[in-house]
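Chains as they are written, first to last, in the numbering used here: chain A, 1 to 392; chain B, 393 to 494.
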């Protein structure tokens with residue numbers, strides 16, 4: 001089908017996706033680097049291109065609270081934030097998932113304070129990994145746009161009904177002009193479809209109570225229902241991604257495998273770092289080093305079975321984390337991947353924490369990891385948790 | 393009271409039946425329980441007004457409402473009814489808190 005090739009920054013691309021979903025309500029508070037996304041969306045509203053009720057709130061806690069009220073009322077709802085804004089939402093982020101409200105959020109990844117820093121890392125989203133939201137990480141503007149569209153379908157699916165985060169790297173994706181294909185508005189909306197509420201406070205014929213006290217007798221059972229809904233994301237996401245692939249020619253999966261088929265050495269990364277990593281992998285491939293990349297897109301739910309299938313039997317694995325777990329054993333992606341592979345034959349899995357506070361992830365750093373992976377595969381005992389691109 | 397299984401619940405703990413608080417039995421926290429002495433009752437209904445739950449049984453079928461006893465499935469033994477009950481008949485109240493025998 002015909003698609004428009006345009007040049008947009010990631011924030012503008014995602015604003016387009018949200019516009020094309022024709023949400024009933026959007027609530028947000030500005031925070032760098034998310035601000036331009038909502039700015040662009042507000043422009044669509046002001047120009048009459050979308051009929052969304054914009055609620056300009058006084059904080060991110062209120063942004064998520066308004067989104068919860070709106071979604072509980074029965075409206076397609078979205079919001080967006082970054083870093084400290086996400087941290088301020090915290091209490092309500094959990095409530096949104098617990099109430100099983102399919103709110104869609106752009107989380108433009110930025111380091112958490114302190115000291116105050118406006119650049120990219122994943123410490124904001126990683127703190128929310130246990131909140132019950134679907135979390136997808138994106139490599140570039142195209143993937144962010146596509147993911148934002150697909151996430152509406154996945155989160156609102158009657159088998160799922162969970163809120164979803166489209167994560168894309170602050171500045172690196174959000175503020176960088178990138179070439180991407182956009183669907184026309186009607187095609188995009190037809191793909192997502194009209195919003196269907198499961199329970200709605202505005203449905204006065206069928207009154208409901210939302211958010212009652214939930215104590216020792218039922219709380220645990222309700223948490224089970226969230227766990228089960230997360231599992232049902234897998235088949236639904238597969239179906240949605242495959243339909244999207246047929247529509248656009250752009251295929252997605254839980255993760256992307258880059259030169260992975262015969263790779264002995266594997267790097268695992270999230271987000272925009274995948275692009276840099278691919279370039280250096282190509283250089284090493286030219287030198288005959290069998291190295292590949294697993295770019296993880298779907299982090300929640302964590303596709304453990306598929307990851308084990310792809311990573312089992314490799315000679316050495318490097319997991320890169322753009323966030324630290326202070327006092328913990330490595331970063332969050334590392335602990336998850338290593339735990340998933342525990343029962344497999346002993347593949348050394350090492351961790352590199354990199355890029356905190358937007359520290360540039362450059363070609364030399366990728367090369368350093370690949371060099372170390374070669375040594376590990378050759379049997380050298382190297383440190384398991386490492387820091388990359390830091391002056392010590 | 394038999395509790396529902398996880399698979400029998402609505403998602404997100406949404407309650408779809410209106411006015412179902414009476415089905416939620418909470419009368420198992422007590423240490424003390426009000427004892428109703430019917431011959432001391434003047435049917436002022438203070439206990440029914442002040443009860444923070446729905447533990448005072450009132451018969452509404454007659455000309456005037458009449459307190460008939462305590463619904464123990466909802467009584468938490470807070471003692472407000474006994475504190476409000478006026479000791480009118482020979483100085484004796486119709487509701488007296490006693491330690492619940494176990």
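Glycine included, each C-beta is placed from N, C-alpha and C at the ideal position. Just so it is clear, the structure is predicted and the values come from calculations on it, not from any experiment.
Contact check, residue i vs residue j, beta carbons under 9 Å
i, j, result
"residue 490 of chain B", "residue 427 of chain B", "yes"
"residue 257 of chain A", "residue 298 of chain A", "no"
"residue 324 of chain A", "residue 372 of chain A", "no"
"residue 473 of chain B", "residue 434 of chain B", "no"
"residue 129 of chain A", "residue 300 of chain A", "yes"
"residue 320 of chain A", "residue 333 of chain A", "yes"
"residue 117 of chain A", "residue 110 of chain A", "yes"
"residue 265 of chain A", "residue 370 of chain A", "yes"
"residue 42 of chain A", "residue 182 of chain A", "no"
"residue 396 of chain B", "residue 221 of chain A", "yes"
"residue 96 of chain A", "residue 163 of chain A", "yes"
"residue 10 of chain A", "residue 136 of chain A", "no"
"residue 74 of chain A", "residue 229 of chain A", "no"
"residue 132 of chain A", "residue 226 of chain A", "yes"
"residue 159 of chain A", "residue 235 of chain A", "yes"
"residue 80 of chain A", "residue 38 of chain A", "yes"
"residue 237 of chain A", "residue 337 of chain A", "no"
"residue 148 of chain A", "residue 7 of chain A", "no"
"residue 106 of chain A", "residue 165 of chain A", "yes"
"residue 190 of chain A", "residue 4 of chain A", "no"
"residue 421 of chain A", "residue 187 of chain A", "Outside the displayed span of chain A (1 to 392) sits residue 421 of chain A, for which this structure offers no information."
"residue 292 of chain A", "residue 260 of chain A", "yes"
"residue 476 of chain B", "residue 441 of chain B", "yes"
"residue 347 of chain A", "residue 305 of chain A", "no"
"residue 207 of chain A", "residue 410 of chain B", "yes"
"residue 52 of chain A", "residue 67 of chain A", "no"
Those residues which DSSP pairs with residue i across a bridge
i, result
"residue 300 of chain A", "A:135"
"residue 481 of chain B", "B:484"
"residue 324 of chain A", "Looking at the DSSP assignment, residue 324 of chain A forms no beta bridge with any residue, so it has no partner."
"residue 8 of chain A", "A:178"
"residue 354 of chain A", "A:388"
"residue 28 of chain A", "A:56"
"residue 451 of chain B", "B:458"
"residue 19 of chain A", "Per DSSP, none; premise fails for residue 19 of chain A."
"residue 77 of chain A", "A:25"
"residue 255 of chain A", "A:296"
"residue 209 of chain A", "B:407"
"residue 265 of chain A", "A:291 and A:316"
"residue 126 of chain A", "Answer by DSSP bridge pairing: none, since residue 126 of chain A is not bridged."
"residue 164 of chain A", "A:104 and A:134"
"residue 38 of chain A", "Per DSSP, none; premise fails for residue 38 of chain A."
"residue 250 of chain A", "DSSP output for residue 250 of chain A lists no bridge partner at all."
"residue 349 of chain A", "A:317"
"residue 490 of chain B", "B:425"
Cross-chain neighbours of residue i in chain B, by beta carbon under 8 Å
i, result
"residue 214 of chain A", "405"
"residue 224 of chain A", "398"
"residue 91 of chain A", "The contacting residues do not exist; residue 91 of chain A stays about 16 Å from chain B at best."
"residue 221 of chain A", "396, 397, 398 and 401"
Proximal chain A residues relative to residue i, where beta-carbon distance stays under 9 Å
i, result
"residue 408 of chain B", "199, 206, 207, 208 and 209"
Amino acids of chain B, ordered along the chain, whose beta-carbon sits closer than 7 Å to that of residue i
i, result
"residue 98 of chain A", "404"
"residue 161 of chain A", "403"
Contact list for residue i against chain A, beta-carbon separation under 8 Å
i, result
"residue 395 of chain B", "217 and 218"
Near the ligand FMN: residue i beta-carbon under 8 Å from a heavy atom
i, result
"residue 143 of chain A", "The ligand content of the structure shown is nil, which means the ligand FMN is not present either."
Contacts that residue i makes with chain B (C-beta to C-beta distance below 9 Å)
i, result
"residue 143 of chain A", "What residue 143 of chain A touches in chain B: nothing, since even the nearest Cβ is about 30 Å away."
Alpha helix (DSSP H) runs wholly inside the segment 168 to 193 of chain A, at least 4 long, in chain order: 185 to 192
Three CB pairs or more closer than 8 Å across the segment 8 to 23 of chain A and the segment 142 to 152 of chain A: yes
Every unbroken beta strand (DSSP E) inside the segment 80 to 121 of chain A [3 residues or more]: 104 to 109
At least 3 beta-carbon pairs within less than 8 Å: the segment 268 to 282 of chain A vs the segment 166 to 186 of chain A: yes
Cβ pair count under 8 Å reaching 3, the segment 60 to 69 of chain A against the segment 27 to 35 of chain A: yes
At least three beta-carbon pairs within less than 8 Å, the segment 383 to 392 of chain A to the segment 355 to 366 of chain A: yes
Length-filtered (3 minimum) beta strand (DSSP E) runs lying within the segment 395 to 427 of chain B: none
Cβ contact check for the segment 399 to 416 of chain B and the segment 209 to 217 of chain A: 3 or more pairs under 8 Å: yes
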